[in-house]
Amino acid sequence: MDLRIQKTYRSLLVAFTKLLETHRYEDVTIAMLCDEAMIRRTTFYKHFADKSEFFSFFVDSLRIEITKYGEEQSAGSRSAEADGGVNAEEGLAILRALVDFMLDHERMIDNIFESSMSGMMVLMMADRVAETLRERYRDKFQKSEADVITLASASEFAAGGIVRLFEKWWVRGHSVEGKVELITVAEAMVTRVLRS
Numbered sequence: 121m122d123l124r125i126q127k128t129y130r131s132l133l134v135a136f137t138k139l140l141e142t143h144r145y146e147d148v149t150i151a152m153l154c155d156e157a158m159i160r161r162t163t164f165y166k167h168f169a170d171k172s173e174f175f176s177f178f179v180d181s182l183r184i185e186i187t188k189y190g191e192e193q194s195a196g197s198r199s200a201e202a203d204g205g206v207n208a209e210e211g212l213a214i215l216r217a218l219v220d221f222m223l224d225h226e227r228m229i230d231n232i233f234e235s236s237m238s239g240m241m242v243l244m245m246a247d248r249v250a251e252t253l254r255e256r257y258r259d260k261f262q263k264s265e266a267d268v269i270t271l272a273s274a275s276e277f278a279a280g281g282i283v284r285l286f287e288k289w290w291v292r293g294h295s296v297e298g299k300v301e302l303i304t305v306a307e308a309m310v311t312r313v314l315r316s
């Protein structure tokens, strides 16, 4: 990818994060985003059709960043488990990174959940969690076409549960003390659904 495009994307991601810290999603305009990112609107529209498409890109960028962070954190325990090469420590590190991100950007998460578009945004997040799960468990489920269908269904099911757990934890006050229990329950749920 061209360095200018990378800089444009980075600038937009940082600007959007900053704007969501102070505004609900529906209150953020493309003009505000472009002004904050110091780019032209024509540049924005060269890359994205609208704000919803950009939000999808934003969530996907976070997913990639958080997954990469989780992989780096668990690199020391790289011994993949015998049940299909899935590293449990990596999964926990990814969940911890997600919770830490939420706590570091408390106002932004509040604004997302308080948005009138929160249903659509939560579904988009669940899709990205399911995608991450499919990537992590792909090798385990490649024996037959039925396994691929099982992986798709199980990933969607587990992702919905994880997002719902996180949403409930957030609404109940998102205590730092509850963070460990949340991560443990989420990983246990994934293990039960995708490893059994």
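Here the working numbering is used: the first residue of the sequence shown is 121, the next is one more, and so on.
We put the CB at the ideal spot given by N, CA and C, even for glycine.
Since we're looking at a predicted model, the values are computed, not measured.
Between Glu210 and the rest of its own chain, which residues show a CB-CB distance below 7 Å, the 5 nearest in sequence each way excluded? In the sequence shown, the residue the question calls residue 210 occupies position 90. Once the five neighbours on either side are set aside, the close Cβ partners of Glu210 are Gly190, Glu191 and Ser194.
What do you reckon, are the CB atoms on Met245 and Glu141 nearer than 8 Å? Counted from its first residue, the sequence shown places residue 245 at position 125. Counted from its first residue, the sequence shown places residue 141 at position 21. No, these two residues do not count as a Cβ contact at 8 Å.
Under a three-way DSSP split, which group does Arg312 fall into? Counted from its first residue, the sequence shown places residue 312 at position 192. Helix, per DSSP.
Unbroken alpha helix (DSSP H) run spanning Ala379, endpoints: The first residue shown for the chain is 121 and the last is 316, placing residue 379 beyond what the model contains.
Do Ile159 and Thr128 come within 8 Å of each other at the CB atom, strictly closer than that value? The residue you call residue 128 lines up with position 8 of the sequence shown. The residue you call residue 159 lines up with position 39 of the sequence shown. Their beta carbons are under 8 Å apart, which means Thr128 touches Ile159 by this criterion.
What is the DSSP secondary structure of Phe277, counted as helix, strand or coil? Along the sequence shown, read from residue 1 onward, the residue named residue 277 stands at position 157. Phe277: helix per DSSP, three-state reduction.
Boundaries (first-last residue) of the alpha helix (DSSP H) holding Arg254: Working through the sequence shown from its first residue, we reach residue 254 at position 134. It spans Ser238 to Tyr257 - the alpha helix (DSSP H) in which Arg254 sits, taken as one unbroken run.
Comparing alpha-carbon positions, which option in Ala266, Ala274, Leu243 and Ser238 lies nearest Glu255? The sequence position of residue 255 within the sequence shown is 135, counting from 1. Ranking Ala266, Ala274, Leu243 and Ser238 by Cα distance to Glu255 puts Ala274 first.
To the nearest angstrom, how far is the alpha carbon of Val313 from that of Thr270? As a first step, residue 313 must be located in the sequence shown, where it is residue number 193. As a first step, residue 270 must be located in the sequence shown, where it is residue number 150. Distance between the alpha carbons of Val313 and Thr270 is about 10 Å.
How many angstroms separate the CA atom of Leu285 from the CA atom of Ser235? Position 165 of the sequence shown, counted from the first residue, corresponds to residue 285. Position 115 of the sequence shown, counted from the first residue, corresponds to residue 235. Between Leu285 and Ser235, the C-alpha separation is close to 19 Å.
Mapping the DSSP letters down to three states, classify Phe168 as helix, strand or coil. Position 48 of the sequence shown, counted from the start, is the residue given in the question as residue 168. It is coil, neither helix nor strand.
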